[in-house]
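In case it helps, our numbering puts the sequence shown at residues 801 to 1172. Using N, Cα and C, we set each Cβ at its ideal position, and we do this for glycine too.
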Amino acid sequence: MQWLTALLAFATTMLMFSIVVSTLVEMIHRIFGLRAKGMQLMLGNLYSRVILPKLTKSEGDAKELLTPQEFAALIMENRATTEKGDPSTGWISGFLRWFVDWAVVTDIPVEVFTQKLASSRLVGAADVLTDEVVMDISQKYEAFGKEVSLYFESRARLFSVCVAFFVAWTFYVHPYKLAVAFLKNPEIAGAVAEKAADVHAQYAVLMEKLNTAAAAKPETGAGSTEDLKGAIAALQEKLTEAENQTKELRTLGAPVGWEVNPALKSCALGAVTVDCSFGAFGTNWTLPSIANAFWLLVGGLLVGLGAPFWAQAVSSLTASRDVSRRIAEIVAPNGVATAKAAVPQDAAPQPDSVPVTTFKVARAAGQKNVAK
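Here it is as structure tokens:
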């Protein structure tokens, strides 16, 4: 039972920091518009490899058509909020478009894509875009979208692991020290394990927010600038919240955060065998030993497994612990009752067995016959 509680406490701690990583990754995606850049890359390649060869017969024809960048901007343009005539030209608007991706749409169904395919200078090639060609381009648009989605999912996982390394290093997520503390101190493990339900609820809220954000229509113009400011503020707020969670875990006794280390000596030249501190930019920094640096990297890998993985682990371990408790509650009372029955204090008289009863009846009957 103790090891099960220790595992649950460990998984709960990992889930806490995995939620922090997932939130940070989402904020960074919003701030730097990585999804929009991925969409631009896919549309540019689709135009260069599939559409442009169907529209051009010579180099002179290509000069009169859109560039891949212009085609991507045309397809991703939010027609409901952007004025006609492409007013967003100029280096200032270009910089804003690059930084906050305003007036763009990243969720484009194939029907909307084919509508925009006939827009602008592509209208002049309407005689080339026959039904068969449009169908072929539409099918390749969906295929390109699936392929780029797989690519960006892989890149997002790698990016999440990098952020997990940062979180593990910043908050000193040392898996070996955590495991030892939870196994040797049942009180600490129990206190952290009791937070499993709350942390899992935080994970559910995070998933709901991410799904809502993915399904929501993108805002444009000044609204996106406000979104950018809100994303930066939310990023700072999440880092502060993560620091508070680390302090709460330390209060419960979990060895997380750099504050768990004793007073550190100044770093000296040579091999680093113990944690030490050094000053830079007016702040004291901690340099871990080689062994602790290795364990922090392992902690980053564990946190980088992702919030869904640790949420599933917490759910399974919580269910297993509950089942173990119920079994213990069922077995313990029966054991006590059996012990009491084995040594009764005021035992009730037990009835005679059948042979003894028949013997007594026969003896009584025989005595009556003798008396006669």
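Using the Cα positions of residue i and residue j, report the straight-line distance between them to the nearest angstrom.
i: T867; j: I937; result: 17 Å
i: R830; j: E1008; result: 17 Å
i: A1107; j: A811; result: 10 Å
i: A809; j: C962; result: 24 Å
i: P1055; j: A981; result: 7 Å
i: Q869; j: Q840; result: 8 Å
i: L1117; j: L815; result: 13 Å
i: T906; j: L843; result: 11 Å
i: E1048; j: V999; result: 13 Å
i: S949; j: T823; result: 20 Å
i: L1096; j: E1037; result: 24 Å
i: R1050; j: P975; result: 14 Å
i: F1094; j: R849; result: 45 Å
i: L865; j: I851; result: 11 Å
i: G1100; j: L958; result: 12 Å
i: A979; j: I828; result: 31 Å
i: S1115; j: A997; result: 9 Å
i: A1001; j: F913; result: 39 Å
i: G1053; j: A836; result: 44 Å
i: F1109; j: M935; result: 40 Å
i: V1123; j: L807; result: 15 Å
i: S954; j: W969; result: 23 Å
i: A956; j: N1044; result: 27 Å
Excluding the 5 residues preceding and the 5 following residue i in the sequence, name in chain order all residues of the same chain whose CB lies nearer than 7 Å to its CB.
i: F952; result: G838
i: S960; result: V821, V825, G1104 and G1106
i: A1042; result: V820 and F971
i: T805; result: P986, A989, G990, A993 and R1121
i: F895; result: At F895 the pLDDT is 49, less than 50, meaning the model places this residue with poor confidence; the figure from the coordinates comes in the next sentence. Within the same chain, F895 has no close Cβ partners at all.
i: V910; result: S938, Y941 and E942
i: T1046; result: F971, V1056 and G1057
i: K995; result: T812
i: A1113; result: A811
i: K743; result: An answer regarding residue 743 cannot be provided, because it is not within the stretch 801 to 1172 covered by the chain.
What whole-angstrom Cβ distance do residue i and residue j have, given they're in contact under 8 Å?
i: V967; j: V1103; result: 6 Å
i: G1057; j: F971; result: 6 Å
i: T813; j: V992; result: 6 Å
i: K940; j: L846; result: 7 Å
i: Y1003; j: A1111; result: 5 Å
Taking the beta carbon of residue i as the centre, do at least 16 other beta carbons fall within 10 Å, making it buried, or is it exposed?
i: K984; result: exposed
i: A918; result: exposed
i: I875; result: buried
i: F965; result: buried
i: N1092; result: buried
i: W818; result: A small correction: the amino acid at residue 818 is Ser; Trp does not occupy that position in the sequence shown. By the 10 Å Cβ count, S818 comes out buried.
i: P1018; result: Interpretation of P1018 is limited by its pLDDT of 46, a score under 50 that renders its predicted location unreliable; the figure taken from the coordinates is listed afterwards. Its Cβ being crowded by 16 or more others within 10 Å, P1018 is buried.
i: P1088; result: buried
i: T930; result: exposed
i: Q915; result: exposed
i: I1127; result: exposed
i: V973; result: buried
i: R1125; result: exposed
i: I1130; result: exposed
i: T1040; result: exposed
i: Q802; result: exposed
i: I1090; result: exposed
CB-CB under 6 Å to residue i, same chain, minus the five flanking residues each way: which ones, in chain order?
i: V1143; result: Only weak support exists for where V1143 lies, its pLDDT of 46 falling under 50; the value from the coordinates is given anyway. Nothing listed; no residue qualifies.
i: A872; result: Q840, L843 and G844
i: S888; result: Here S888 scores only 49 on pLDDT, less than 50, and its place in the model is too uncertain to base an answer on.
Could you check if residue i belongs to the surroundings of the ligand NAP, using beta carbon to heavy atom distance under 7 Å?
i: K1009; result: Within the structure as shown, the ligand NAP is missing, as the structure has no ligands at all.
Just to confirm my understanding: we take residue i, look at its own chain, exclude 5 residues before and 5 after, and list those with CB closer than 8 Å. What are they?
i: L1006; result: I819, S822, T823 and A1107
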